[in-house]
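Colleague: Under my numbering, the residue at position 33 of the sequence shown is numbered 36, and the numbers go up by one with no gaps.
Idealized CB from N, CA, C, for every residue including glycine.
One structure coming up, written as structure tokens, with questions to follow.
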Amino acid sequence: MISKYLTREQNNVSMVNKNRRWKEICGSIKGIPGHVLHHVDTTLLYNNPERYILWLPEDLKIMTKAEHLSLHHTGLKYSDETKEKMRQKKLGIPKSEEHRRHLSESHKRYWARRRMDEQVRSGRAKLSVLKRQSPINAA
Ligand SMILES: [Zn+2]
């Protein structure tokens, strides 16, 4: 999963290390079907991304996907603002002008980043060049 807390470089390192860890565990970088590697300290990603991307054995727990989903969705704390937005969505109340603008900007950044990734992957452009050109900082 691409994380907004990691730079593209950190994300790449993270993927490589996760694959390596799975390989150590079960002999395949694909891991064990139906299972995930979960970081026990769920704050690590944003509190200590440098450590998160290492996928250290002592930080990890193998869980089934079902266990993992329920773990991350139980006791999940939303801000009052987010809860209010979820309540409004449920009731079919249209989003505020400000919220729509926020989502729109966020989607633009997301798709700009995706386009850059695609160009780099296909070898049509170099990331360093794209970053210099882009008005949107794709950190
Ligand atoms: Zn997890």
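(1) Excluding sequence positions up to five away, which residues of its chain have a Cβ less than 7 Å from the Cβ of V39?
(2) Checking 8 Å against the spacing of the C-beta atoms, do R24 and L63 come in under that value?
(3) If you measure from the CB of H38, is any heavy atom of ligand 1 nearer than 7 Å?
(4) Per DSSP, what are the beta-bridge partners of L63 in this structure?
(5) Quick check: S17 and Y55, are their CB atoms within less than 8 Å of each other?
(6) Under 7 Å: does the beta carbon of H76 sit that close to some heavy atom of ligand 1?
(7) Under three-state DSSP, which class holds W58?
(8) DSSP on K80, reduced to helix/strand/coil?
(9) Can the beta-carbon of I32 be found closer than 8 Å to that of K26?
(10) Just curious, the alpha helix (DSSP H) that R127 is in, first and last residue?
(11) Could you work out which residue in V19, E53, N20, G37 is closest to Y8 when comparing CA atoms only?
(12) What do you reckon, is the C-beta of H71 under 7 Å from a heavy atom of ligand 1?
Modeller: The answer reads as follows:
(1) M66, K68, H71
(2) yes
(3) no
(4) H42
(5) yes
(6) no
(7) coil
(8) coil
(9) yes
(10) Premise fails: R127 is in no alpha helix (DSSP H) and is neither H nor E.
(11) E53
(12) yes
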